[in-house]
Structure formats: structure tokens, C-alpha cells
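In this note's numbering, the protein residues as written are 13 to 637.
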């Protein structure tokens, strides 16, 4: 192992000297932001805005890498450099190489601990790594994690060298579709609606110093009916005398405060005229949370919160509506898969990440469905501060997509019971348990995000099983949001919503027989190929058009003739497929490289405004007293 560290240290120095030689791999299309990447300063923004400390260190950049056979010892030599946090399959990694289920990916880099951190505990954070991760510091195993979409951390203090230079090694195994784990839309052989694998580190790696006793997580829950903001500070270790104080600011003005001991949540009484968050007025309060132990301040974190409420309720006509802040609100937005031609799961820059959110707002939408992917926390922060409602999908998994099972409701109208595991390719008990564990992790990670309006555990029956149990898991963590238990079909007659996907026939609204709110959770999918902006020669979509004018007229007709008339009858929300092209799919409002908006922006915004306003009269005239 000593030889390994000597060689790897040399390679790290070589990597620093050769950063100017880094370049994207392959000849696929790229975004404009790809040319703005500096290997020495990759995604430098603080990665966790909802719980921020002032002192931290970013570990993104050029690392050494090697691909080894699964189960082999760590390598003595490396193949070259990889740009973290871009997956090895991506162009921006500088590698662009596929790995298989019989291989593992090994990363290595050296790092120093700032002298100001002396006497502190050091936490090593990973935003996300796909899928099974093992980590060593200075040849000391510091931890493992399974799950490709959620953050994890290790206290590495005891493994650090007192001499300054430290070695970090990360080993990752990702079987993609050869395993039953949640993987989203990654497959070994991409085609159609299935995309290039994403293996290894794909979100920011970073460190921060903390005291021996510190805050690990904040659970933030607004209650506009009682005018309360509840903040639960979860500590790495707790004793009855620990003192937590929460101060709430409107700008620089302190407007509310609360305190607790005995590990109790802090209940903050908000001002009588508390500002409510909405897409039209996305006001965020600043939170400053302080932990005292033994009468001394041991930790401080900055956060933010929004006073808002998501619910369903019958209006005066007996129609169940989605509500925001106790008022009916029609929710309309695009399906967004969050893929990039150059970074795959990872946006090239924070500006690129923000771009998709800002354009969605510019197009006149008030909502976005994050489809079968979990984003970095900065993406949700952009939605929070810009005022964009988020429907959050759980990335799914399981066996091969059974087209006959998935399409069965389309042909027959009959929905299968989802405890028939074989029909849904969910025979693997390990896969089902892994799904439950990762679902709980996702909800726990994101429950405090103000903009998330509902949870979507399953989509179109793929990987679906025991949806009622998935809803129970979600409710055990978060009781405050509606759940779309089976988006598309294979409805189990439970939950808050009837969720429909309509592509190949006209949509005609019908009330739900069970009295749930009705949502059109996917429709449209109109495609247009624009040469020079496509991933390959395949043209996948649900209805093709030859030019941008024809596409626009079809979009306009679809909205005016099918969606607008349905809103007063009871349609509560609609999700258009989709925001951008993705690989084979050419049904985006924007091209995959984000260089072209296919629809005319001003008319699009005006039309979308009409749809949103179609539901606004219900806020005053049809609200149940």
C-alpha cells in the first residue's frame, strides 16, 4: 500500500500540472457552458444552501482513476485523470468510458487540512455517488454507502495525518440495469426512453470542520394555519442541556425567535402578517440556528424557510382541487429529466443548473415535474427562490421493463394489483428493500425544501410494487404533502390523486369515481428534429413535426382544445412532456444542448398564462367556506 500512495501522490502532482490539458471526451453535442469549465475550479458553489456553514473546502477537480475487476485489490497504478464530479461515462469527465457490472471504479486524490481547522472534527461529504461506495483516508476505511441519489457523510478526523498531506481513495460499484437497485432511466444499452449509464461520483465532494457536538440536519415544517414554524435540529449526539435557538429574519430584520432543550423541536411563533410563499411571490425567511452546549456556542448554521401549505380540498361545486395556502391553484409545467449531453446527470456549471429553472419560469409555467431523478440541493434552492413548484419523483429500478404489463391499462382499462411482483419485474426482495431504504433517504433529504409540492414514488408501473407501503413510508417522514402513488396507470385506488398519462388520444376530463383530485401527469410529447442539436440519428417522440411553426400550432391547439376546457370541470394540474430533448427523445421545448428554444417564447408565455388564469377564479368564488 505504501507503494500505492507514493505513486498516487506523484500522479496527483502530475494532474495539477496537467489541468490545462483536460478536455471533454467524445464528439457528441455539448452545451455552451462546457467551454466555461475550469478544471481547477469545478462547481465551486456551496453545495447545501438549506444548511450552510461558512467554513468548508471543495474537493472537486482532477482526480486519478482506474477501472478494476470487481473484488480486486486497490490498484498500484492509475489510468489517468477524471474530472470530478462528472460521471466516467460523460464527456465532461474527460474519460467518456463505459464500465460494466463486473468492474469497479477507483478514484484517488491528495488533500490538505487547513491549519485553522486544528482541534475540529472534519466531515467528508459526498453529494451523490452511483451506486455502492467505499471510502478510505490514509489507508483507513472510513465508511460505505449504497444509493445513487442521496448525500452521505463520514467523520474522517481519526484517519487524518498530522503531517499535512492526506490520501483519499473512493471505490464504486454500479451494476446499472444488471442490478435491482434504484437507477432511474439508465441502461447498459441506451435507446428510446432509456439513457446512458451514470457511474461513480456525480455531485460535489467537499469537507467542513465542526465541533465535537454539532447539527447534522434540520427538519423545517411551516404551519400557516397556526402561524408556526417548527425547526427540529438533529444532533450527532444529544444531552438534555443542549440549547437550540432559532432566529428568523426578514432581510436583516429579526422577526421571530424560538428556543428548546431536551432535544425538543423549536416552535417559532411567526408574525401575524407572515409573508406566504407562492410562485408569484417566492418569499424566503432567513434562519440562523445556534447550538449551545455547556453554556458555550458550539455550532451555527444558516438556513431558510417558507411559510406555505400544500393540500387538497373540495370546492363549493364538490370538485377536489389542489391547493396552495388554502386556495385552489392550477399547476402547470413540463416534465424535466435533468439530463445534459456533456455532463449526463451533472450540469456543467451552476449557471447551467439555474438556466433550466429560469427558462421554465420564463415560459410561463408555475411547476416542474422532476422525473425519475434527484437533483443536487442547489437546484431545489433555485426553485425555492425563483418560485417554481416541484413534483418530486423517486428514481425507480427493478428488472426489465415489461411492455405488456405497462401497456395493459392503455388497451384494456384494467389495472393490475402491484403485489404481483413478477408482473412488475420486482421479484428481487433485495431490490424491494433497497428501494424502500433509498425512498426514505430521499424524503428525509428533501422534506424541508419549500418548493416540493408532492411526491411521486412510481411512474407508469415500471418497478412498481406495494404502492400503499411506499405511501406509508413517505407519510412516516412527511405528512404535509399530497402523494401521486402511481403516476400514469396501475392505480391501486388509494392516495390523494387520480394520475393520468394521455398521449395517443384526445384528453377528455372525467371526475374520479373515488373522489380524488384529477391530474394529467403526462401528456404531449410532440417532437421536432433540429439538425446540429441532436444526440444521434434516432428520432423518438409521440407525434412528429417538420418545422417550428407546425410544432407551435399543434402545441397551441392541444392546450386550447383539450386542457383549457378541462380546468373548470376539475382538472387540477397538467405536465407537458418535456422541457428538453434527452438523447433519442426529441420532444423537448428546448434542444438537448439548450441552444435552441423550439417554441416562440412570447406566445408560449401568454398561452401558458391563460391556462394558469383559468383556475384563478376558483380562489375567490369556489373556495369552500
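Glycine included, each C-beta is placed from N, C-alpha and C at the ideal position.
(request) Could you tell me the distance, in whole angstroms, from the CA atom of residue 634 to the CA atom of residue 328? (result) Low confidence applies here, because residue 634 scores a pLDDT of 41, under 50, leaving its location unreliable; read the following figure in that light. Their backbone Cα atoms lie some 5 Å apart in a straight line.
(message) My assumption, with CB atoms under 8 Å, is that residue 64 sits in contact with residue 314. Please give the rounded CB distance.
(response) That pair is a contact at about 5 Å.
(request) Answer yes or no: do residue 641 and residue 164 have a C-beta to C-beta separation smaller than 8 Å? (result) Residue 641 falls outside the range modelled here, since the chain spans only 13 to 637, and no answer is possible.
(message) Run through the DSSP bridge pairs and tell me what residue 93 is partnered with.
(response) Beta-bridge pairing links residue 93 to 76.
(message) Going by C-alpha to C-alpha distance, which of 569, 126 and 119 sits closest to residue 148?
(response) Per the Cα distances, 119.
(request) For residue 309, I'd like the list of residues in its chain whose CB is within less than 8 Å of its CB, leaving aside the five on either flank, ordered along the chain. (result) Excluding sequence neighbours, residue 309 sits near 302 and 303.
(message) Just to confirm my understanding: we take residue 170, look at its own chain, exclude 5 residues before and 5 after, and list those with CB closer than 8 Å. What are they?
(response) Same-chain partners within the cutoff: 152.
(message) Between which two residues does the alpha helix (DSSP H) holding residue 424 run?
(response) Run containing residue 424: 415-424, per the alpha helix (DSSP H) assignment.
(message) By DSSP's criteria, residue 345 is part of a beta bridge. Which residues make up the other side?
(response) Partner(s): 587.
(message) Could you check whether the stretch 374-388 touches the stretch 75-82, counting it as contact only if at least three pairs of C-beta atoms, one from each stretch, sit closer than 8 Å?
(response) Because the criterion of three Cβ pairs below 8 Å is not met, the stretch 374-388 and the stretch 75-82 do not touch.
(request) Measure from the alpha carbon of residue 553 to the alpha carbon of each residue in 569, 592, 468 and 526, then state which is nearest. (result) Here the closest residue by C-alpha is 592.
(request) Look up residue 68 in the DSSP assignment and give the residues it is bridged to. (result) Beta-bridge pairing links residue 68 to no other residue.
(message) I need the straight-line Cα distance from residue 96 to residue 72, nearest angstrom please.
(response) Computed Cα separation, rounded: 5 Å.
(request) For my contact list, residue 40 and residue 103 are in at a C-beta cut-off of 8 Å; report their separation, rounded to the angstrom. (result) Residue 40 to residue 103, Cβ: 6 Å. Contact.
(request) Kindly list the residues whose CB is nearer than 6 Å to the CB of residue 114, restricted to its own chain and excluding five residues on each side of it in sequence; keep chain order. (result) 82.
(request) Would you kindly work out how many angstroms separate the C-alpha atoms of residue 9 and residue 371, rounded to a whole number? (result) What the structure shows of the chain is the stretch from 13 to 637, and residue 9 is not part of that stretch, so it cannot be assessed.
(message) Suppose the cutoff is 8 Å on Cβ atoms and the five residues either side in sequence are ignored; what does the same chain contact list for residue 133 look like?
(response) Here the set comprises 167, 169, 221, 222, 223, 224 and 226.
(message) Considering only DSSP beta bridges, list what residue 627 is partnered with.
(response) According to DSSP, which records beta bridges pairwise, residue 627 is partnered with nothing at all.
(request) Decide if residue 217 is buried, meaning its Cβ has at least 16 other Cβ atoms within 10 Å, or exposed. (result) By the neighbour-count definition (other C-beta atoms within 10 Å, threshold 16), residue 217 is a buried residue.
(message) Between 468, 548 and 579, which has its C-alpha nearest residue 522's C-alpha?
(response) Of the listed residues, the one whose Cα sits closest to residue 522 is 579.
(request) Please state if the CB of residue 603 and the CB of residue 545 are separated by a distance shorter than 8 Å. (result) A contact, by the Cβ cut-off of 8 Å.
(request) Using a threshold of 8 Å, state whether the C-beta atoms of residue 473 and residue 438 are closer than that. (result) Contact: no.
(message) Give me, in chain order, the residues of the same chain whose beta-carbon lies closer than 7 Å to that of residue 42; leave out the 5 immediate sequence neighbours on both sides.
(response) Excluding positions up to five away in sequence, the list reads 36, 103, 353, 354 and 605.
(request) Let me know the secondary structure DSSP gives residue 489 once reduced to three states. (result) Note: residue 489 maps to helix in three-state DSSP.
(request) Tell whether a beta-carbon distance below 8 Å holds between residue 451 and residue 389. (result) With a cutoff of 8 Å on beta-carbon distance, residue 451 and residue 389 are scored as not near each other.
(request) Go through its chain and collect everything with a Cβ distance to residue 278's Cβ below 6 Å, but skip five positions before and after it. (result) Once the five neighbours on either side are set aside, the close Cβ partners of residue 278 are 243, 256, 258, 270 and 272.
(request) Assign residue 408 to one of two classes, buried (16 or more other C-beta atoms within 10 Å of its C-beta) or exposed (fewer than that). (result) Residue 408 comes out buried.
(request) Could you name the residues that DSSP lists as bridge partners for residue 120? (result) Paired residues: 76 and 181.
(message) Measuring only the C-alpha atoms, how far is residue 509 from residue 299?
(response) Straight across, the Cα-Cα distance linking residue 509 with residue 299 is about 33 Å.
(message) Tell me the residue span of the alpha helix (DSSP H) that contains residue 148.
(response) Residue 148 -> not in any alpha helix (DSSP H); beta strand (DSSP E) instead, spanning 144-149.
(message) I'd like to know if residue 396 contacts chain D, where contact means its C-beta is closer than 8 Å to some C-beta of that chain.
(response) Of the protein chains in this structure there is only one, and it is not chain D.
(message) Suppose you measure from the CA of residue 519 to the CA of residue 531; what does that come to, to the nearest Å?
(response) Going from the Cα of residue 519 to the Cα of residue 531 covers about 12 Å.
(message) Measuring straight from C-alpha to C-alpha, what distance separates residue 434 and residue 414?
(response) When rounded, the distance between both Cα atoms is 10 Å.
(message) Let me make sure I understand the geometry here. Which of 615, 189 and 214 has the alpha-carbon closest to that of residue 206?
(response) Taking only the C-alpha atoms, the option nearest residue 206 is 189.
(message) I need the boundaries of the alpha helix (DSSP H) containing residue 62, first residue and last residue.
(response) Run containing residue 62: none; DSSP gives neither H nor E here.
(message) Contact between the stretch 612-629 and the stretch 563-581 is defined here as three or more beta-carbon pairs at a separation below 8 Å; is this criterion met?
(response) Flag = yes, the stretch 612-629 and the stretch 563-581 touch.
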